[in-house]
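Notes for the one structure printed next.
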Amino acid sequence: MNNFVASYEGDVRKASNYLDEAQDMQEEAQKYFAELELIGAQTPLLETLITSFQRLVEQGLTPQEAALAAGDDEAFSNARESASDLNQQFIEASTAYNNYMAEQNGLMVADYENDMQLIGYIDLAVLLIAALMVLFVRIAMVGSIVKPLNEAVTHFERIAQNDLSGKVSDRGRNEIGKLFSAMQHMQSGLARTVSEVRDSSGSIHIGAREIASGNADLSSRTEQQAASLQETAASMEQLTATVKQNADNARQASQLANDASSTAVQGGEVVEQVITTMHGISDSSQKSPILSASSTLLRFKPIFWHSMPRWKQHERASKAVALRSWPVKYATWRAAVPMRLKRSKH
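Going by this note's numbering, the sequence shown opens with residue 1, and the numbers climb by one from there.
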């Protein structure tokens, strides 16, 4: 305000305009100091600065404004002289406070730098700890996951190569342990299945050999039966020929038997004629002494004649009748043929 007044001492209009601006600036300064009093650090320098500002406003600026408003140059000059000392005190208090704040700001910057350096160290330590944790996790994963998985892959490759003799270790009750337990059960099941298949294959092999041997025996027996069938067929042919021949012989024998039967009937008739003749001879023997012996023999004929066989009767009749003709002998022989056939059957 002193500078404005010094620049425009003869111009009342401009002085009035600058007075209005000074009042506005004063109000803004009062608001600033009010806020500074609320948010600023409570130090003696701040209290001195606020006190000097209030004294400058109350004892220096307000009288000058009143003198300018009244147009009293003498009062304005007196107020300006007193305000000059107050302004100097305000400047000194403001400078001291600014220096204090600069010093505090420097300390804050130093603290900030120290804090940032500490934060950098902390960040580095955190990074180092994180790297160590990652390394530890990596080692733990390799030991607990990667290595068991590689071992499981090795077991699976060995099983794929038909090797079931590998030992599956126990890995606990976690997921890897469950995987190894399942793999152990699978290997045991495969080994049991292979053993059963091997035993079944041995049984099948033995059965196949027995079947092959049985087929060979069956083939041999079939050949023997075929040969026997051929022999049987030949025997049947021979038997058929024999039966046919026997049938022919039987027909011939039947015909001969019929002929013999008719001949026997004829012989019986001849024998009856012979007997009649013998009776005639017996009657004639009484007249002839030559035939007395024959008549004596014929006298006893009825006693034993019928008890003798026909051939015996024929023999006795032949002895009795020595002079029988040859037709009578032939008829007698033909009469004895059926008895001979009967004896031959017995």
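A virtual CB, placed ideally from N, CA and C, is assigned to each residue, including glycine. All of these numbers come straight from a predicted model, not from anything done at the bench.
Discussion item. Taking the straight line between their C-alpha atoms, what separation do you get for N99 and A130?
Written reply: If you draw a straight line from the Cα of N99 to the Cα of A130, it comes to about 45 angstroms.
Worksheet item: Does the beta-carbon distance from A83 to G60 come in below 8 angstroms?
Response: Their beta carbons are under 8 angstroms apart, which means A83 touches G60 by this criterion.
Worksheet item: Roughly how many whole angstroms lie between the Cα atoms of I159 and V168?
Response: Those two C-alpha atoms are separated by around 11 angstroms.
Fill in: Start-end ranges of the beta strand (DSSP E) lying completely within the stretch 88-115, minimum 3 residues
For the stretch 88-115, there is no continuous beta strand (DSSP E) assignment of 3+ residues that stays within its boundaries.
Fill in: Cβ separation of Q89 and A79, assumed to be a contact under 8 angstroms, to the nearest whole Å
Taking C-beta atoms under 8 angstroms as the contact rule, Q89 and A79 fail to qualify, at a distance of about 16 angstroms.
Discussion item. Taking only three categories from DSSP, how would you classify S165?
Written reply: DSSP places S165 outside both helix and strand once states are collapsed to three, so it counts as coil.
Item to complete: Note down, in chain order, each residue of its chain lying with its Cβ closer than 7 angstroms to the Cβ of F76, except the 5 sequence neighbours on either side.
Response: Q64, A67, L68.
Fill in: Separation of G71 from Y112, as counted between CA atoms
Here the C-alpha atom of Y112 lies approximately 55 angstroms from the C-alpha atom of G71.
Discussion item. Is the beta carbon of L127 closer than 8 angstroms to that of E152?
Written reply: Before going further, note that residue 152 is Ala rather than Glu in the sequence given. Against a cut-off of 8 angstroms, the Cβ pair of L127 and A152 comes out as no contact.
Item to complete: Quick one: using the 10 Å Cβ neighbour count with 16 as the cut-off for buried, is H155 buried or exposed?
Response: Under this definition H155 is a buried residue.
Worksheet item: Out of R198, S200, D163, G207, which has the shortest C-alpha to C-alpha gap to M186?
Response: Looking at the Cα atoms, D163 is the closest of the given residues.
Practice prompt. Identify the continuous alpha helix (DSSP H) that holds L149 and give its terminal residues.
Written response: Residues 147-160.
Practice prompt. Determine the DSSP secondary structure at K178, reduced to helix, strand or coil.
Written response: In the structure shown, K178 sits in a helix (DSSP, three-state: H, G or I).
Worksheet item: Apart from the five residues just before and just after I176, which ones in its own chain have a Cβ nearer than 6 angstroms to its Cβ?
Response: Taking I176 as the centre and dropping the five residues before and after it, the same chain places the C-beta of P148 closer than 6 angstroms to its C-beta, in chain order.
Discussion item. By the three-class DSSP mapping on this structure, what secondary structure does G214 have?
Written reply: Helix.
Worksheet item: Taking the C-alpha atoms as reference points, what is the distance between I290 and Q273?
Response: Caution is warranted here: a pLDDT of 43 is assigned to I290, below 50, making its placement in the model unreliable, and no coordinate value can be reported.
Item to complete: Run the CB neighbour count on L132, radius 10 Å, all protein chains shown included, and call it buried at 16 or more, exposed below.
Response: It is exposed - the Cβ of L132 has fewer than 16 other Cβ atoms within 10 Å.
Discussion item. Just to confirm, is the Cβ distance from A102 to L49 under 8 angstroms?
Written reply: Taking 8 angstroms as the cut-off, the Cβ atoms of A102 and L49 do not count as close.
Worksheet item: At what residues does the alpha helix (DSSP H) containing K58 begin and finish?
Response: The sequence shown places Glu at residue 58, not Lys. It is not in any alpha helix (DSSP H) - E58 carries neither H nor E in the DSSP assignment.
Discussion item. For L348, count the other beta carbons within 10 Å of its own beta carbon; 16 or more makes it buried, fewer makes it exposed. Which is it?
Written reply: Shown here, the chain extends from 1 to 346; a query on residue 348 therefore has no answer.
Worksheet item: Alpha carbon to alpha carbon, how far is D248 from R221?
Response: If I take the Cα positions, the gap works out to 39 angstroms.
Practice prompt. Find out if the Cβ-Cβ distance for the pair A96, L56 is shorter than 8 angstroms.
Written response: No, these two residues do not count as a Cβ contact at 8 angstroms.
Worksheet item: If you run the structure through DSSP and keep just helix, strand and coil, what is G189?
Response: G189 falls in the helix class under three-state DSSP.
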